[in-house]
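Trainee:
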């Protein structure tokens with residue numbers, strides 16, 4: 103089978119920092135570095151004993167940068183048994199934490215959704231992230247609606263991603279700033295604020311699920327500190343207004359190229 107590899111324009115968008123961070127986080131070992139030129143990494147597969155070698159060009163200004171990244175992506179594709187296009191997209195989009203909502207309704211099997219229900223779902227996704235950002239400043243049972251300017255400030259760096267098939271899947275992504283890796287034995291640097299907001303969102307979704315099972319006012323109140331609020335619950339509830347809706351499930355995913363603090367818990 104001919105491997106599916108990305109085009110040159112896509113490869114040119116891949117940032118050197120994201121490549122090196124991805125390699126560090128997925129078990130590759132740095133074995134050689136020529137400053138301002140290249141860095142070489144190796145990895146041995148546990149199941150086969152095969153050793154792989156990749157060379158990272160350290161400047162995107164190199165004229166052959168896309169060609170070198172293509173070689174790297176092809177090797178990663180072979181080592182990870184994933185298509186080159188998927189690997190390239192992982193490296194490009196890896197700086198984002200993400201929230202996905204998978205919606206099941208009467209028409210979603212063909213990749214579409216009712217227009218009114220879809221508009222409400224997009225609004226809900228925005229509010230889930232918005233009230234998580236507000237809760238990170240100080241958890242409360244209920245909040246007043248922020249102004250448009252405040253909403254833009256709180257959600258800076260968050261974007262709608264391409265919708266996906268598989269029922270109807272909405273995605274919101276938040277860019278996580280790059281941080282240099284700390285040396286062994288030293289404490290991790292404080293998490294950047296966008297990561298704290300996404301972690302709060304993940305925790306609040308879990309809290310909403312648990313409170314919904316108990317289904318008492320006390321169950322909701324004791325989870326306010328986790329980010330649960332009346333506003334957050336209302337955003338989830340908006341998904342269920344349509345009679346054609348069969349269900350919605352949420353998934354939060356941490357960035358593939360940004361380190362998660364060792365002492366922090368990520369709830370998916």
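In the numbering used here, the protein residues as written are 103 to 370. Where is the CB? At the ideal position from N, CA and C, for every residue including glycine. Note that this is a predicted model, so its numbers are computed, not measured.
1) So what does DSSP say about residue 164, is it helix, strand or coil?
2) If you measure between the beta carbons of residue 252 and residue 172, is that distance less than 9 Å?
3) What do you reckon, are the CB atoms on residue 142 and residue 158 nearer than 9 Å?
4) Along the chain, which unbroken stretches of the alpha helix (DSSP H) at least 4 residues long are found entirely within the region 299-360?
5) Compute the beta-carbon to beta-carbon distance between residue 292 and residue 278, rounded to the nearest angstrom, for a pair I have assumed lies under 8 Å.
6) Identify the continuous beta strand (DSSP E) that holds residue 277 and give its terminal residues.
7) What is the DSSP secondary structure of residue 215, reduced to helix, strand or coil?
8) In its own chain, which residues sit with a C-beta less than 7 Å from the C-beta of residue 368, not counting the 5 before and 5 after it?
9) Do you know offhand how far residue 153's Cα is from residue 146's?
10) Assuming residue 247 and residue 306 make a contact with CB atoms under 8 Å, what is their CB distance in whole Å?
11) With a threshold of 6 Å on Cβ separation, who are the neighbours of residue 352 within its own chain once the five nearest residues in sequence on each side are excluded?
12) Is the number of C-beta pairs between the region 222-229 and the region 310-329 that are closer than 8 Å three or more?
13) Determine which residues share a DSSP beta bridge with residue 154 and list them.
14) Sort 125, 115 and 150 by Cα distance to residue 195 and report the nearest one.
15) Write down the C-beta distance between residue 118 and residue 193 rounded to the nearest angstrom, noting that I regard them as a contact closer than 8 Å.
16) Taking only the alpha-carbon atoms, compute the straight-line gap between residue 127 and residue 358 and give it to the nearest angstrom.
17) Between residue 360 and residue 239, what straight-line distance do the alpha-carbon atoms span, to the nearest angstrom?
18) Starting from residue 262 and walking both ways along the beta strand (DSSP E), at which residues does that stretch end?
19) Using a Cβ-Cβ cut-off of 8 Å (strictly less than) and excluding sequence neighbours within five positions of residue 177, which residues of its own chain qualify?
20) If the criterion is Cβ atoms closer than 9 Å, does the pair residue 206 and residue 348 meet it?
21) Applying the criterion that 16 or more other CB atoms from any shown protein chain within 10 Å of the CB defines a buried residue, is residue 354 buried or exposed?
22) What does the alpha-carbon distance come out to for the pair residue 328 and residue 259?
Mentor: In this structure, then:
1) As a working mapping, residue 164 is identified with position 62 in the chain shown. In the structure shown, residue 164 sits in coil (DSSP, three-state: anything other than H, G, I, E or B).
2) Within the chain shown, numbered from 1, the residue matching residue 252 stands at position 150. Within the chain shown, numbered from 1, the residue matching residue 172 stands at position 70. No. Outside cutoff.
3) Here residue 142 is taken as the residue at index 40 of the chain shown, counted from 1. Here residue 158 is taken as the residue at index 56 of the chain shown, counted from 1. Their beta carbons are under 9 Å apart, which means residue 142 touches residue 158 by this criterion.
4) 319-323 and 332-339
5) Stepping through the chain shown from its first residue, residue 292 is reached at position 190. Stepping through the chain shown from its first residue, residue 278 is reached at position 176. Actually they are not in contact, since the Cβ atoms of residue 292 and residue 278 sit about 13 Å apart, beyond 8 Å.
6) Locating residue 277 in the chain shown gives position 175, where the first residue counts as 1. First-last of the beta strand (DSSP E) with residue 277: 270-277.
7) For the purposes of this step, residue 215 is taken as residue 113 along the chain shown, with counting starting at 1. In this structure, residue 215 counts as coil in the three-state DSSP scheme.
8) As a working note, residue 368 is residue 266 in the chain shown. Note on residue 368: pLDDT 49, under 50, position unreliable in the model; the coordinate value appears next. Excluding sequence neighbours, residue 368 sits near 301, 304, 356 and 362.
9) Taking the chain shown and counting its residues from 1, the one referred to as residue 153 is at position 51. Taking the chain shown and counting its residues from 1, the one referred to as residue 146 is at position 44. Near 4 Å, if we compare the C-alpha coordinates of residue 146 and residue 153.
10) Mapped onto the chain shown, residue 247 falls at position 145. Mapped onto the chain shown, residue 306 falls at position 204. Contact doesn't hold; Cβ gap of about 18 Å is too wide.
11) On the chain shown, residue 352 is found 250 positions in, with the first residue counted as 1. 203 and 307, listed in sequence order.
12) no
13) Counting from one through the chain shown, the residue named residue 154 turns up at place 52. Answer by DSSP bridge pairing, in chain order: 145.
14) Here the question's residue 195 lines up with position 93 in the chain shown. Nearest of 125, 115 and 150 to residue 195, Cα basis: 115.
15) As a position in the chain shown, residue 118 is number 16, starting the count at 1. As a position in the chain shown, residue 193 is number 91, starting the count at 1. So it is not a contact: roughly 10 Å between Cβ atoms.
16) Taking the chain shown and counting its residues from 1, the one referred to as residue 127 is at position 25. Taking the chain shown and counting its residues from 1, the one referred to as residue 358 is at position 256. Going from the Cα of residue 127 to the Cα of residue 358 covers about 8 Å.
17) As a working mapping, residue 360 is identified with position 258 in the chain shown. As a working mapping, residue 239 is identified with position 137 in the chain shown. Computed Cα separation, rounded: 23 Å.
18) Here residue 262 is taken as the residue at index 160 of the chain shown, counted from 1. Residues 260-262.
19) Position 75 of the chain shown holds residue 177. The residues are 154, 155 and 156.
20) Taking the first residue of the chain shown as 1, we reach residue 206 at position 104. Taking the first residue of the chain shown as 1, we reach residue 348 at position 246. Result yes, Cβ atoms of residue 206 and residue 348 sit closer than 9 Å.
21) In the chain shown, counting from the first residue as 1, residue 354 sits at position 252. So residue 354 ends up on the buried side.
22) By one-based count along the chain shown, residue 328 stands at place 226. By one-based count along the chain shown, residue 259 stands at place 157. Answer to the nearest angstrom: the Cα atoms are 23 Å apart.
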